[in-house]
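All remarks here apply to the structure that follows.
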Ligand SMILES: [Zn+2]
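Protein chains in written order, with this note's numbering: chain A, 296 to 367; chain B, 24 to 298.
Next comes the structure, spelled out in C-alpha cells:
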C-alpha cells in the first residue's frame, strides 16, 4: 500500500504498524520520535499496535538540539 | 517617539514596506527580544534583529567563546576566544547599531531566574543547544505567557516552530518529555553544517519581527522542517495536545522547575549552552 511519509509517497507492506514503519524507515531512535498520523499524535505506547491504512499521512518528528551540544 | 533623519535613512528599505512604515519602525525601536544562547542560532538572529532596529536585545549565555564555535557562531571572531559570549556578541551589536540597547545576562537560564529575565521582554528566541534548556525555555514562556520561537539543528537538518502560549501548540505538545541524556544524537556527536544555524536562526528572527510588527502569519501550530541535503522545506500541521503536560487539560507541570541536571563528565553540568 502507499503512505505519505513526511510529504513523500512511500510503498510499504499492507497494514504495517507505526513501529514497523519506523524500522522500515531506519529511524535511529524509534523510542524518541513523535509520530502524527493524519494530523493526530499517536502515543508511543501505541506504536506497536497502531496499524496504518492506504493513503495515511504520517509525520515523523525528531528531537533536534543545537550546535555544540554539551549534554544534549 | 520621533525618528531622527539618520534613523529614517538607516531603516529606509524597510520603512518603505507597507507593513512597516514609520509606525512599524517606531514599534520595533520600542520593542524588546530576549535571545537565550548566543551560538549558532542566536548569532544570526541577534545580528538581524539589531540591524532591523529592535530597541532592546537581551543576551543570555554563561559560556565563553571557544575555537570550535567559530565554524557557525558567526557573531564571534577569532580574537574573542575565551571571552564571555554575551560580551563578544554585545560589542558586535552595539557596533552595528547604536540605536539598540543590549542587556547582558552572563548566567545559565534556570528555574530561579527565567521568569524574571523573560518577563522583561516582548518575544523570546530559543537558541539553546540542549534539551534541558529547551524544555525550560518552553515551560518558562508558557508560565509567563510569552511568545517564543523554538528551533533545533542537527547534521544537515533543522526544525522550528513559533509558540503563543495558551493559544497555539507548545514544544511539549510535540515532545511531551525530555529524552534521557545520550538517547538521541547531539551535534557534538553527530555534527552539524554551520549554515544550518543561519537558515534556522534567521527564520527565528523573522518570526520575532512579524510578531512585533503584527504582520503576516506566524509559524504557530506548525513545525517547519528543513533538509539542506534535499533542499526542501516541509511544514507539518500541529495541534495543541489535550494531554500536553504543561498546556493541556490536566497539566502535570504546575510550577517552573529545572530539568534534572544532565550528567556530562566531559564538560560539566549541562546548562543553557547554545546551538
Ligand atoms: Zn503544550
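Where is the CB? At the ideal position from N, CA and C, for every residue including glycine.
For residue i, which of the options has the nearest alpha-carbon?
i                      : options                    : result
residue 126 of chain B : B:112, B:119, B:269        : B:112
residue 252 of chain B : B:188, B:51, B:180, B:74   : B:180
residue 116 of chain B : B:70, B:178, B:25, B:199   : B:70
residue 300 of chain B : B:243, B:84, B:132         : Any property of residue 300 of chain B remains undetermined from this structure, which presents chain B solely from 24 to 298.
residue 118 of chain B : B:177, B:73, B:268         : B:73
residue 247 of chain B : B:273, B:212, B:103, B:257 : B:257
residue 304 of chain A : A:337, A:321, A:354, A:330 : A:354
residue 266 of chain B : B:193, B:158, B:173        : B:193
residue 14 of chain B  : B:239, B:220, B:178        : Outside the shown range of chain B (24 to 298) lies residue 14 of chain B, about which nothing can therefore be said.
residue 65 of chain B  : B:99, B:42, B:49           : B:99
residue 301 of chain A : A:316, A:326, A:341        : A:316
residue 343 of chain A : A:297, A:298, A:330        : A:330
Residues bridged to residue i by DSSP?
i                      : result
residue 257 of chain B : B:248
residue 329 of chain A : A:356
residue 173 of chain B : B:184
residue 58 of chain B  : B:82, B:148
residue 229 of chain B : In DSSP, residue 229 of chain B forms no bridge with anything.
residue 319 of chain B : Outside the shown range of chain B (24 to 298) lies residue 319 of chain B, about which nothing can therefore be said.
residue 117 of chain B : Paired residues: none, contrary to the question.
residue 346 of chain A : A:312
residue 300 of chain A : A:303, A:353
residue 215 of chain B : B:178
residue 259 of chain A : Residue 259 of chain A lies beyond the residue range present for chain A, which begins at 296 and ends at 367; the question has no answer from this structure.
residue 243 of chain B : B:185
residue 107 of chain B : B:87
List the residues of chain B that residue i touches, going by C-beta distances under 7 Å, in chain order.
i                      : result
residue 354 of chain A : 259
residue 323 of chain A : 208
residue 342 of chain A : Correct list: empty, because the minimum Cβ distance to chain B is about 14 Å.
Report yes if the C-beta distance between residue i and residue j is below 8 Å; otherwise report no.
i                      : j                      : result
residue 92 of chain B  : residue 62 of chain B  : yes
residue 46 of chain B  : residue 79 of chain B  : no
residue 106 of chain B : residue 217 of chain B : no
residue 145 of chain B : residue 40 of chain B  : no
residue 166 of chain B : residue 57 of chain B  : no
residue 268 of chain B : residue 276 of chain B : yes
residue 134 of chain B : residue 281 of chain B : yes
residue 191 of chain B : residue 263 of chain B : yes
residue 76 of chain B  : residue 122 of chain B : yes
residue 124 of chain B : residue 147 of chain B : no
residue 328 of chain A : residue 322 of chain A : yes
residue 176 of chain B : residue 356 of chain A : no
residue 185 of chain B : residue 241 of chain B : yes
residue 163 of chain B : residue 138 of chain B : yes
Output, in chain order, the set of chain A residues within a Cβ distance shorter than 7 Å of residue i.
i                      : result
residue 120 of chain B : Going along chain A, no residue has its Cβ under 7 Å from residue 120 of chain B, so there is no contact; the nearest lies around 25 Å.
residue 79 of chain B  : The premise fails here: residue 79 of chain B is roughly 24 Å from chain A at the closest Cβ pair, so nothing lies under 7 Å.
Name, please, each residue of chain B whose Cβ falls closer than 8 Å to the Cβ of residue i.
i                      : result
residue 334 of chain A : 260, 262
residue 358 of chain A : 154, 175, 198, 202, 207
residue 329 of chain A : 197, 198
Give me the chain A residues within the contact set of residue i, using Cβ-Cβ distance strictly less than 9 Å, ordered along the chain.
i                      : result
residue 271 of chain B : The premise fails here: residue 271 of chain B is roughly 12 Å from chain A at the closest Cβ pair, so nothing lies under 9 Å.
residue 113 of chain B : Within 9 Å Cβ-Cβ: nothing; residue 113 of chain B doesn't reach chain A, min ~20 Å.
residue 247 of chain B : Those do not exist, as residue 247 of chain B stays about 11 Å from chain A at its closest Cβ, beyond 9 Å.
residue 181 of chain B : 359
Would you mind telling me which residues of chain A sit closer than 8 Å to residue i, beta carbon to beta carbon, in chain order?
i                      : result
residue 224 of chain B : Under the 8 Å cutoff, chain A gives no residues; its nearest Cβ is about 10 Å from residue 224 of chain B.
Check whether the stretch 236-254 of chain B touches the stretch 199-207 of chain B, counting contact only when three or more Cβ pairs, one atom from each stretch, lie closer than 8 Å.
no
message = I want to know whether the stretch 27-43 of chain B touches the stretch 341-361 of chain A - three or more CB-CB distances under 8 Å.
response = no
Check your understanding: Contact between the stretch 219-236 of chain B and the stretch 154-164 of chain B: three or more CB pairs below 8 Å?
Key -> no
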